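Notes follow the structure.
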Amino acid sequence: MAPIQRVVKPTTRKGKKVLLAREPQIIEGPKRAVIFQGRRTSERVRNTLKDLYDLKKPDAKLLARKNDITIFENAAPVEEICRKHETPLFIMGTHSKKRPDNLVVGRMFNCALLDMVELGIDSFEGLRDFAVPKITLGTKPCLIFNGPAWDQTDEYKHLRSIFIDLFHREQVESVRLQGLEHALSFTATPEGKILFRSYKVLLKKSGCRTPRIELEEIGPRLDFTLRRSKLSSEDLLKQACQKPKALKVIKKKNISTDGLGTVHGQIHVGKQNITGIQTRKMKGLKKTIKEKKG
Amino acid sequence: MDVVASILEQSAKDAEKYKPVSVNKHLELEYDLGTILAIDNNELDTRKLREKKNDYLLNLTRDNVQLLLNKVWDLPTEQIDEAIVVKLPPSTFVLPRGKPVPKPRPLTKWQEFAKLKGIQKKKKGKLSWDEQLKKWVPLYGYKRAAAEKEKEWVLEVPDNANPMEDQFTKAKTLKSERVSKNELQRMRNIAKARNVKVPRVGLTNPDVSSAKDLQTAVTVARSSTASLGKFQDKLPKEKEARGVMELTPGATRKRKMPPASSDQERRQNLDIVDAVLNKRPKIDIEKAVARHINQEQIERSEEKKNFRPKSGKKGNRTKKLKGVGKKPAGGRGQRKGKTSVGRKRR
């Protein structure tokens with residue numbers, strides 16, 4: 001028989017809160033990311049990691065040490081790192097002769113690897129190379145995906161999903177209009193490159209209510225090529241995309257709203273009882289004494 | 001008329017001053033306003049992309065951001081603390097969760113029982129008036145133990161109890177037993193919830209365990225002899241505990257599953273009747289032969305016993321003859337005990 005799992009009973013109130021927060025929640029907060037180096041890294045990879053950390057900042061953790069991990073052979077150490085830091089997202093930077101300037105971006109589901117994509121960094125210009133005013137920390141960016149390639153292969157679809165997951169920050173109900181000041185653009189070229197650009201959004205006067213948009217590049221400017229990838233199985237992804245029953249909107253029967261916003265109700269009347277109904281009284285239809293008795 | 005024309009002219013002039021907010025696209029973009037996301041499936045201009053990559057990307061993205069923000073600006077707005085806030089619709093792009101959907105916590109054994117019996121939790125006040133102490137005593141926690149101590153400063157020795165026994169230590173141990181039993185039950189509930197197999201716990205203190213537990217303990221203890229409890233005495237009408245089959249291997253399994261169908265039941269009963277009616281003495285050849293041989297041997301030995309040698313030859317021989325006789329029945333001889341000491345040699 002396998003050893004019995006130990007049950008940790010929290011001794012303090014705070015410890016209890018921490019343990020409760022680690023359990024699965026109906027509404028999850030922003031997905032945090034852990035950013036770390038692999039066995040060996042180049043200057044370019046290190047700078048990229050730092051800039052990606054700056055973009056993701058309040059919801060990210062940048063680890064300083066090197067990690068001897070070959071993720072495509074064995075993902076268990078990365079799962080352990082993500083479990084330890086409570087981060088469903090990870091970015092790992094490596095550099096080798098075979099795969100120079102390498103970046104692995106991936107996701108976890110229930111502390112186990114869901115999918116990951118390996119990207120090669122072809123060119124890099126950092127946040128500091130653009131001498132322009134930057135954006136405020138933690139703003140929700142506008143995500144723009146250019147090019148028909150994003151819808152063509154499974155790898156691109158997964159990568160798009162990973163990018164959205166990584167940068168969209170959090171599901172929110174409302175957003176301040178003046179706070180929309182960051183735009184991230186991901187362009188998939190026909191040659192198979194992925195161009196990552198980051199812009200500051202400038203809202204200019206246009207003479208009407210909606211402003212004229214101007215963009216100013218703030219960096220980082222990255223060109224990627226797609227390398228290896230490990231995509232999730234269909235059923236695992238389906239399981240991961242499950243929506244909690246509590247959040248599903250239950251449709252109410254017989255109530256509808258039309259285009260003008262008027263609520264219409266439909267009423268179903270049951271079958272009328274016409275056998276026992278009182279009709280016009282006539283002498284001829286009167287019951288005889290015999291009938292009354294019987 | 002003149003006024004209208006002048007206003008139109010003015011607005012046209014104003015519009016000229018600013019750059020336009022509209023963008024022409026071959027294919028409509030896909031929007032997800034919940035995540036503020038736009039997907040542009042239009043073909044890219046490869047020549048521009050090669051020649052002036054960054055400028056082209058900037059313009060392309062600008063157009064797409066303009067289109068996206070035009071949509072965002074159309075959403076219903078409200079004002080919160082001098083900031084204009086737009087209400088976003090629920091997002092349509094499905095992203096995987098970080099952890100699975102939480103499952104409802106399974107009921108504990110007590111909760112299950114209470115639900116079955118319709119027992120409802122009674123709300124108890126935090127403080128209750130104590131007549132003896134003439135003060136408010138909390139139900140648990142701070143000052144509860146002190147109140148208990150104050151109340152039970154003296155304890156009665158029960159009639160049948162040992163007068164030398166300390167009732168205070170007895171109460172203390174009983175309390176700690178109850179606490180540990182509760183902890184055990186809590187762990188058992190957790191194990192059940194996590195679907196973990198835990199080994200069976202032996203008997204807890206008889207003072208706090210239930211009649212069922214005691215019954216189980218008796219049944220298991222009885223079957224724990226070398227002969228699996230075959231020769232153990234039983235009380236009249238004593239019942240065996242259930243659900244301990246794996247711990248009592250010698251126990252007879254009497255219960256059978258009821259027959260599935262009436263047809264099967266009928267066949268079973270007919271089989272029994274047949275077996276009873278068709279009973280005939282069976283001839284077991286092997287057994288019969290063995291018995292016969294045995295009989296012969298006995299006869300021969302009788303003969304030898306009665307036969308007396310006419311002339312004594314050697315003591316050695318008589319001894320050998322003695323050994324041929326029937327083996328002594330077990331358990332009647334005198335035991336000497338172990339004589340040889342040391343390693344057993346083979």
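Chains L and A supply the protein sequences, listed in that same order. Residues 1 to 294 in the UniProt record's numbering are what the first sequence lists, from first letter to last. Residues 1 to 346 in the UniProt record's numbering are what the second sequence lists, from first letter to last. All residues carry an ideal CB built from backbone N, CA and C; glycine is no exception. Quantities reported herein were computed from a predicted structural model and do not represent experimental measurements.
Remark: C-beta atoms of L/K245 and A/V196 do not approach each other more closely than 9 Å. For the pair A/N41 and A/P104, the Cα-to-Cα distance works out to about 42 Å. For L/E191, the closest C-alpha among the options A/Q111, A/D45 and A/A171 is that of A/D45.
When the five nearest sequence neighbours on each side are left out, the beta carbons in the same chain lying within less than 7 Å of the beta carbon of A/T77 are those of I84, V85 and V86, in order along the chain. Assigned with DSSP and collapsed to three states, L/T275 falls in coil, not helix or strand.
Per the DSSP secondary-structure output, L/H264 pairs in a beta bridge with L/S256. Sixteen is the threshold: since fewer than 16 other Cβ atoms of the shown chains lie within 10 Å of the Cβ of L/V269, the residue is exposed.
Per the DSSP secondary-structure output, L/S229 pairs in a beta bridge with L/V117.
Interface criterion not met: the Cβ of A/V179 is under 9 Å from no Cβ in chain L. By the 16-neighbour rule on beta-carbons within 10 angstroms, A/T169 is exposed. Residue range K109 to K117 is occupied by the alpha helix (DSSP H) that includes A/A114.
Only buried fits L/L119, as 16 or more other CB atoms lie within 10 angstroms of its CB. Shown here, A/Y56 sits in a helix according to DSSP, grouped into three states.
Taking the Cβ atoms as the reference, L/D51 lies roughly 4 Å from L/P220, within the contact range of under 8 Å. Within the region 194 to 222 of chain A, the complete alpha helix (DSSP H) segments at least 4 residues long are 211 to 222, listed from N- to C-terminus. The C-beta distance from A/L67 to A/V4 rounds to 32 Å, too long to meet the 8 Å contact threshold.
In this structure A/V244 touches A/T219 by the C-beta definition: roughly 6 Å separates them, less than 8 Å. Between the alpha carbons of L/E86 and L/M116 lies a gap of roughly 18 Å. When 8 Å is used as the limit between beta carbons, L/I27 is near no residue of chain A, the shortest such separation being about 10 Å.
Counting C-beta pairs with one atom in each stretch, the region 4 to 16 of chain A and the region 148 to 157 of chain L have fewer than three that are closer than 8 Å, which means they do not touch.
L/K230 and A/N64 have their alpha carbons spaced roughly 31 Å apart. Here A/D207 is actually not in contact with A/L184; their C-beta atoms are around 15 Å apart, not less than 8 Å. Under the Cβ criterion of 9 Å, L/T210 is counted among the residues facing chain A. In the three-state reduction of the DSSP assignment, A/Y31 falls in the strand class. Contact residues of the region 47 to 68 of chain A toward chain L are L49, K53, N54, L57, L58, L60, T61, R62, N64, V65, Q66 and L68 (C-beta to C-beta distance below 8 Å). Contact with chain A is found for L/L177, since one of that chain's Cβ atoms lies less than 9 Å from the residue's Cβ.
In the structure shown, the three-state DSSP call for L/Q178 is helix.
For A/S11, the enclosing alpha helix (DSSP H) covers residues D2 to K17.
When Cβ pairs closer than 8 Å are counted between the two stretches, the region 179 to 186 of chain L is seen to touch the region 196 to 203 of chain L, the count reaching three or more.
For the C-beta of A/L95, the chain L residues within less than 7 Å are, from N- to C-terminus, S161, I164 and D165. If you check the CB distance, L/C111 and A/K143 do not come in under 9 Å.
The count of Cβ pairs closer than 8 Å, one atom from the region 45 to 60 of chain L and one from the region 130 to 143 of chain L, reaches three, so the stretches are in contact.
Contact check for L/T189 and A/L58: beta-carbon distance about 15 Å, past the 8 Å limit, so the pair fails to qualify. Using a Cβ-Cβ cut-off of 7 Å, A/G141 is close to nothing in chain L; its nearest Cβ partner there is about 14 Å away. L/E214 and A/V21 have their C-alpha atoms spaced approximately 10 Å apart. For L/F145, the closest C-alpha among the options L/K293, L/G265 and L/I164 is that of L/I164.
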